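Trainee: Each step along the sequence shown adds one to the number in this note's numbering, with nothing skipped, and position 82 is 121.
Can you keep this structure in mind? I'll have questions shortly.
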Amino acid sequence: MASLNATASLPLSNHHRQRLTCALSSSPPVWKQSRRVISVSFFLSRLLLLPNDAMASSLIDKYVKRKRLDPLEAYVPPVILAQLQFQDLEKILSVDKPEFEACRSVLRSGPASSLRVNIRAVAQYASDAGYSQTASNDVDRCLRALEEMDSLFLRASRKDPNATVELMKSQLGTALTALDSLLQTVPSEVLDKGKAMVEVYRSPFEEDNVQDSAEIQQLQSIL
Numbered sequence: 040m041a042s043l044n045a046t047a048s049l050p051l052s053n054h055h056r057q058r059l060t061c062a063l064s065s066s067p068p069v070w071k072q073s074r075r076v077i078s079v080s081f082f083l084s085r086l087l088l089l090p091n092d093a094m095a096s097s098l099i100d101k102y103v104k105r106k107r108l109d110p111l112e113a114y115v116p117p118v119i120l121a122q123l124q125f126q127d128l129e130k131i132l133s134v135d136k137p138e139f140e141a142c143r144s145v146l147r148s149g150p151a152s153s154l155r156v157n158i159r160a161v162a163q164y165a166s167d168a169g170y171s172q173t174a175s176n177d178v179d180r181c182l183r184a185l186e187e188m189d190s191l192f193l194r195a196s197r198k199d200p201n202a203t204v205e206l207m208k209s210q211l212g213t214a215l216t217a218l219d220s221l222l223q224t225v226p227s228e229v230l231d232k233g234k235a236m237v238e239v240y241r242s243p244f245e246e247d248n249v250q251d252s253a254e255i256q257q258l259q260s261i262l
């Protein structure tokens, strides 16, 4: 122990002290070097892996979206029914004193309540068929018009004089036109089948018509 203390207390010359001080000041601690290496490595790995990760994520998202979609035939009848629902709403707005709260309820009930999901699914199929821009614009126009119409209903229910029936009908017409345009992207055989199902659904039911009964049950299961 005495020899160790003696060794630790050996005097250093000024020259050795200067060299030792320079060496200590010029070399950063080991833990700082390790942190620097880890930070650089992490940054480089992010640069190298990000494109592949993003690409893989995009492919997975597309695969999941495609797997989650039902056949196109499942989305067309509800869209047509929502379109007819809006046409009935146009009649409600034509009376002397429309019930604007009831009009808002129409937008949130029946096929109209799920319209956002259904038209986006139809637009996805349209995009796959080469109508991407048209279908996307139709969906955006329809949803914007419905949101604006809902806002007009709310303002009118609060006695806002600027929320006129004419503006409501204008937005409703925009939504109906957009739905018409979107349905034009649907293959004719699918569209005709959807219209037939809707017609049967809205017609008086006859118990002896087995085919109609089956179609009604199919449409009810879709809705």
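We put the beta carbon where it would ideally sit given N, CA and C, even for glycine.
Keep in mind it's a predicted model, so treat the numbers as computed, not measured.
Between the C-alpha atoms of Q126 and A160, what's the straight-line distance to the nearest angstrom?
Mentor: 22 angstroms
Trainee: With a cut-off of 8 angstroms, do at least 3 Cβ pairs link the segment 107-116 to the segment 230-243?
Mentor: yes
Trainee: If you draw a straight line from the C-alpha of A217 to the C-alpha of S171, how long is it?
Mentor: Rounded to whole angstroms, A217 to S171 spans 14 angstroms at the Cα level.
Trainee: Pull up the distance between the alpha-carbon of S97 and that of N157, whole angstroms please.
Mentor: In this predicted model, S97 has a pLDDT of only 48, less than 50, meaning its place in the structure is not dependable enough to derive any value.
Trainee: With Q163 and M188 assumed to form a contact (beta carbons below 8 angstroms), what rounded beta-carbon distance in angstroms separates them?
Mentor: The pair is not a contact, with the Cβ atoms about 25 angstroms apart (cut-off 8 angstroms).
Trainee: What is the DSSP secondary structure of A214, counted as helix, strand or coil?
Mentor: helix
Trainee: Who are the Cβ neighbours of S220 in its own chain at under 6 angstroms, not counting the five residues just before and after it?
Mentor: D177
Trainee: Under three-state DSSP, which class holds P269?
Mentor: Any property of residue 269 remains undetermined from this structure, which presents the chain solely from 40 to 262.
Trainee: Could you spell out the range, first to last residue, of the alpha helix (DSSP H) harbouring T173?
Mentor: Note, T173: alpha helix (DSSP H), 171-196.
Trainee: Give the secondary structure of S166 by DSSP, where H, G and I count as helix, E and B as strand, and everything else as coil.
Mentor: helix
Trainee: I need the straight-line Cα distance from T203 to S196, nearest angstrom please.
Mentor: Cα to Cα, the separation comes out at about 11 angstroms.
Trainee: Look at the alpha carbon of S242 and the alpha carbon of Q122, and state the distance between them as a whole number of angstroms.
Mentor: 16 angstroms
Trainee: Between V237 and L120, is the Cβ-Cβ spacing less than 7 angstroms?
Mentor: Yes, the pair counts as a contact, with Cβ atoms nearer than the cut-off.
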